[in-house]
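Novice: Protein chains in written order, with numbering that gives the first Met the number 0: chain S, 0 to 318; chain C, 0 to 261.
The structure under discussion is supplied below as structure tokens; questions concerning it will follow.
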Amino acid sequence: MRTAFIRSLIELARSDQRIFLLVGDLGYGVVEPFAQEFSERFVNVGVAEQNLTGIAAGLALSGKIVFTYSIANFPTLRCLEQIRNDVCYHNADVKIVAVGGGVAYGALGVTHHGTEDIAILRALPNMKVLCPADPVEAELATRAIAAAPGPAYLRLGKSGEPRIYRTLPVFEIGKAIEILPGKEVVVLATGSVVRNAIEACQNLAENGIEVGTYSVHTIKPLDQELIARLASQARMIVTVEEHSRLGGLGSAVAEIFTEVPNLRCQLKRIGLPDSFFQAAGSQEFLLSRYLSAAALEESIMESCSLGKGTSLGASAIGS
Amino acid sequence: MRIRSHVLRMTHRARSSHVGSCLSIADLLAVLYGRVLRLDPRRPDWSERDRFLLSKGHAAAALYAVLAERGFFPARWLETYCQDDSRLAGHITHHGVPGVEVSTGSLGHGLPIGCGMALAGKREGRPCRVFVLLSDGECDEGSTWEAGLFAPHHRLDNLVAIVDYNKIQSLGRVKEVLDLDPLGDKWRAFGWSVREIDGHDYEQIDDALLSVPFEAGRPSCIIAHTVKGKGVSFMENQLAWHYKSPSAEELGQALAELGTAE
Numbered sequence: 000m001r002t003a004f005i006r007s008l009i010e011l012a013r014s015d016q017r018i019f020l021l022v023g024d025l026g027y028g029v030v031e032p033f034a035q036e037f038s039e040r041f042v043n044v045g046v047a048e049q050n051l052t053g054i055a056a057g058l059a060l061s062g063k064i065v066f067t068y069s070i071a072n073f074p075t076l077r078c079l080e081q082i083r084n085d086v087c088y089h090n091a092d093v094k095i096v097a098v099g100g101g102v103a104y105g106a107l108g109v110t111h112h113g114t115e116d117i118a119i120l121r122a123l124p125n126m127k128v129l130c131p132a133d134p135v136e137a138e139l140a141t142r143a144i145a146a147a148p149g150p151a152y153l154r155l156g157k158s159g160e161p162r163i164y165r166t167l168p169v170f171e172i173g174k175a176i177e178i179l180p181g182k183e184v185v186v187l188a189t190g191s192v193v194r195n196a197i198e199a200c201q202n203l204a205e206n207g208i209e210v211g212t213y214s215v216h217t218i219k220p221l222d223q224e225l226i227a228r229l230a231s232q233a234r235m236i237v238t239v240e241e242h243s244r245l246g247g248l249g250s251a252v253a254e255i256f257t258e259v260p261n262l263r264c265q266l267k268r269i270g271l272p273d274s275f276f277q278a279a280g281s282q283e284f285l286l287s288r289y290l291s292a293a294a295l296e297e298s299i300m301e302s303c304s305l306g307k308g309t310s311l312g313a314s315a316i317g318s
Numbered sequence: 000m001r002i003r004s005h006v007l008r009m010t011h012r013a014r015s016s017h018v019g020s021c022l023s024i025a026d027l028l029a030v031l032y033g034r035v036l037r038l039d040p041r042r043p044d045w046s047e048r049d050r051f052l053l054s055k056g057h058a059a060a061a062l063y064a065v066l067a068e069r070g071f072f073p074a075r076w077l078e079t080y081c082q083d084d085s086r087l088a089g090h091i092t093h094h095g096v097p098g099v100e101v102s103t104g105s106l107g108h109g110l111p112i113g114c115g116m117a118l119a120g121k122r123e124g125r126p127c128r129v130f131v132l133l134s135d136g137e138c139d140e141g142s143t144w145e146a147g148l149f150a151p152h153h154r155l156d157n158l159v160a161i162v163d164y165n166k167i168q169s170l171g172r173v174k175e176v177l178d179l180d181p182l183g184d185k186w187r188a189f190g191w192s193v194r195e196i197d198g199h200d201y202e203q204i205d206d207a208l209l210s211v212p213f214e215a216g217r218p219s220c221i222i223a224h225t226v227k228g229k230g231v232s233f234m235e236n237q238l239a240w241h242y243k244s245p246s247a248e249e250l251g252q253a254l255a256e257l258g259t260a261e
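Next comes the structure, spelled out in structure tokens:
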């Protein structure tokens, strides 16, 4: 995803002189082509994320479109107040890009796990939050946030993610993309784990259980219209995210549930527990209990039978 | 004197804090807005303007007063300072207030933003200059020093940091809370071209602000030695006036001292 991001940004920067890229001394092997081609519009500010974000705001308030780039929590939580006051309050054209969303850098330890970022960033007024699922969405999301004025947060995986799309999907900020059809039970997934959700749902389909699947690449603004419509037709909606179950996609969907009258649909939120990982390990290892295709298949199957024949109101069920 | 009397009236009416912090920068603001900054009140968004950032956002009343005096908005707005449904919040706020570049209030935000604006000016070859007014307490913030490293490295000689060194911060004297001395040497060691002045002496303020950049290729830092509460005898150098607002009687006495009583 990070390769797709930088390639797209370079293409954008060729035709738009306003685009700047600022990094916090990270991005080895990724950002060099941009730095070489646009040396006047690339700044490595050093290991100083608060300054990084303040400078980005200052440039943006002078007419630039500024991308800040770093790993996991560094461009977000480390400088959260700069994002809130300098970027969001001034509605400045700053796009924050984090690589290693979720536990992409799992083995590097808890400091490098970005597992609360969606919750925190989506609480900020004026902020858009995008979590692409694959390199295709990463490219489209990069182009979309560059074109949309104001702050945005782009949460990327790292590299080597397989493509989900064979052809270019229609991509619009705030509009989820349907990947598999199905109305009774619907999975809303975001980020790199969309591919695990697809695999799980394809396996279920082979066993005769049809589960609709969407890539919710934009968590803020969320596709309210679609979700309200799905919730009024389905008996079960399952959210899937590589993020704490607190405050992310699942919570955002639950917020919509509270606003749709007379819902019979149930909601199950699948994500990471509200705790720190006790052991290091690869992304695959850390997700195996919660968000691997096999784990998802089991949870979704459980939800399918759970939802059947009941007429309960909206409720959040733990995973 | 007009800034000072506005500030006293505003903080009295709003029963708000930080009158001492406003009085210590009144002379600096008077010179900046009177003689130094290239601005056009009729076109607050003029792209070639100099940028002034009040990083010590708690001294908002003083900046609102000087902006009103310069004609960015009507002086009657000052009466709404900190009142219900007002645009003039107790920490400097850009939203709906012509002439305010950025909102601050949390310390340590101004200099990084100033670096970004100065960098934009450099990259575009625009002549605009960026002035950032900081408090001394704000020099406790790491982000101030992150920007302090950045500006000389990128040769931002269109950037000027002014430190209002009144030597009293929120809970006590700077020397007792977290000593900054030798403050000029610190900025110098970071690569800034530094001048120390009496922040209430118009000749010295004028001379310093009109001769920036002090050195080509380096950002300038002016350490303005000031007195918190300057101009009102019973407020001068008193921590309490970081918080207290003047009563009717105190307001009368203060205005009489300034010679602006009605």
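By construction, the Cβ of each residue, glycine as well, lies at the ideal position given by its N, Cα and C atoms.
For Asn84/S, which of Val30/C, His108/C and Gly228/C has the nearest alpha-carbon?
Specialist: Numbered from 1 along the first sequence, position 85 holds the residue referred to as residue 84/S. If we check each option's Cα against that of Asn84/S, His108/C comes out closest.
Novice: Please report the Cβ distance between Ile167/C and Glu195/C, rounded to the nearest whole angstrom; I am assuming they are in contact, meaning their Cβ atoms lie under 8 Å.
Specialist: Taking the first residue of the second sequence as 1, we reach residue 167/C at position 168. Taking the first residue of the second sequence as 1, we reach residue 195/C at position 196. In fact, because the Cβ distance is near 18 Å, the residues do not count as touching under 8 Å.
Novice: Identify which residue in Cys21/C, Val18/C and Ala29/C has its Cα closest to the Cα of Asp205/C.
Specialist: If you number the second sequence from 1, residue 205/C lands on position 206. Measuring from the Cα of Asp205/C, the nearest candidate turns out to be Ala29/C.
Novice: Any idea what DSSP makes of Arg17/S, helix, strand or coil?
Specialist: Residue 17/S sits at position 18 when you count from the first residue of the first sequence. Arg17/S: coil per DSSP, three-state reduction.
Novice: Would a C-beta distance cut-off of 8 Å place Pro126/C and Gly53/S closer than the cut-off?
Specialist: Here residue 126/C corresponds to residue number 127 of the second sequence, with the count starting at 1. Here residue 53/S corresponds to residue number 54 of the first sequence, with the count starting at 1. Not in contact: Pro126/C and Gly53/S (Cβ atoms no closer than 8 Å).
Novice: Between the segment 43 to 61 of chain C and chain S, which residues of the former have a C-beta closer than 7 Å to a C-beta of the latter?
Specialist: Within the segment 43 to 61 of chain C, no residue has a Cβ that lies closer than 7 Å to any Cβ of chain S.
Novice: Taking the alpha-carbon of Glu78/C as reference, which of Arg1/C, Gly56/C, Arg12/C and Ser4/C has the nearest alpha-carbon?
Specialist: On the second sequence, residue 78/C is found 79 positions in, with the first residue counted as 1. Residue Arg12/C is the option with its Cα nearest to Glu78/C.
Novice: Is there a C-beta anywhere in chain C that falls below 8 Å from the one on Ser61/S?
Specialist: By one-based count along the first sequence, residue 61/S stands at place 62. Yes, Ser61/S counts as interfacial toward chain C.
Novice: Which same chain residues end up closer than 6 Å to Ala12/S when comparing Cβ atoms and leaving out the 5 residues on each side of it in sequence?
Specialist: Counting from one through the first sequence, the residue named residue 12/S turns up at place 13. The residues are Ile18 and Phe37.
Novice: Find out if the Cβ-Cβ distance for the pair Arg162/S, Leu129/S is shorter than 8 Å.
Specialist: Translated into the one-based positions of the first sequence, residue 162/S becomes position 163. Translated into the one-based positions of the first sequence, residue 129/S becomes position 130. No. Outside cutoff.
Novice: I want to verify the contact list: residues of chain S whose CB lies under 8 Å from the CB of Phe149/C, in sequence order.
Specialist: If you number the second sequence from 1, residue 149/C lands on position 150. Near Phe149/C (Cβ distances below 8 Å), the residues of chain S are Val44, Gly45, Ala47, Asn50 and Ile54.
Novice: Shorter than 8 Å from the beta carbon of Asn84/S to some beta carbon of chain C?
Specialist: Mapped onto the first sequence, residue 84/S falls at position 85. By this cut-off, Asn84/S is an interface position.
Novice: Excluding the 5 residues flanking Lys174/S on each side, which residues of the same chain have their C-beta closer than 8 Å to its C-beta?
Specialist: Within the first sequence, the letter at position 175 stands for residue 174/S. Closer than 8 Å at Cβ, skipping near neighbours: Thr217, Asp222 and Leu225.
Novice: DSSP state of His152/C, grouped into three classes?
Specialist: Start at 1 with the first residue of the second sequence, and residue 152/C comes out as number 153. Here His152/C sits in helix by DSSP.
Novice: Report the rounded CA-to-CA distance for Leu155/C versus Ala294/S, giving the unit in angstroms.
Specialist: Numbered from 1 along the second sequence, position 156 holds the residue referred to as residue 155/C. Numbered from 1 along the first sequence, position 295 holds the residue referred to as residue 294/S. Cα to Cα, the separation comes out at about 55 Å.
Novice: Give the residues of chain S in contact with Val99/C, contact being defined as C-beta atoms less than 8 Å apart.
Specialist: Stepping through the second sequence from its first residue, residue 99/C is reached at position 100. Residues of chain S passing the Cβ test: none, with the nearest at roughly 11 Å.
Novice: Does any CB atom of chain S fall closer than 8 Å to the CB of Ala146/C?
Specialist: What you label residue 146/C is simply residue 147 of the second sequence in a count that begins at 1. True, the Cβ-Cβ gap to chain S drops below 8 Å.
Novice: Per the DSSP calculation, Tyr152/S is bridged to which residue(s)?
Specialist: Locating residue 152/S in the first sequence gives position 153, counting from the first residue. For Tyr152/S, which the question treats as bridged, DSSP gives the partners Ile95/S and Val128/S.
Novice: Using C-beta distances below 7 Å, list every residue in its chain close to Asp197/C, excluding the 5 sequence neighbours before and after it, in chain order.
Specialist: The residue given as residue 197/C occupies position 198 in the second sequence. Counting only Cβ-Cβ distances below 7 Å, and skipping sequence neighbours, we find Gln203 and His224.
Novice: Quick check: what's the CA-CA separation for Ser192/C versus Ser61/S?
Specialist: Locating residue 192/C in the second sequence gives position 193, counting from the first residue. Locating residue 61/S in the first sequence gives position 62, counting from the first residue. In a straight line, the C-alpha of Ser192/C is about 25 Å away from that of Ser61/S.
Novice: Run the CB neighbour count on Ser4/C, radius 10 Å, all protein chains shown included, and call it buried at 16 or more, exposed below.
Specialist: Numbered from 1 along the second sequence, position 5 holds the residue referred to as residue 4/C. Per the 10 Å Cβ criterion, buried.
Novice: Output yes if chain S places a C-beta closer than 8 Å to the C-beta of Leu22/C; else output no.
Specialist: The sequence position of residue 22/C within the second sequence is 23, counting from 1. Output row for Leu22/C: interface = no.
Novice: What residues in its chain sit with their C-beta under 8 Å from that of Val18/C, if we drop five residues either side in the sequence?
Specialist: Residue 18/C sits at position 19 when you count from the first residue of the second sequence. Once the five neighbours on either side are set aside, the close Cβ partners of Val18/C are Val6, Leu7, Thr10, Ala60, Gly228, Met234, Trp240, Lys243, Ser244 and Pro245.
Novice: Count Cβ pairs between the segment 51 to 68 of chain C and the segment 92 to 103 of chain C that sit closer than 8 Å; are there 3 or more?
Specialist: Yes, the segment 51 to 68 of chain C touches the segment 92 to 103 of chain C.
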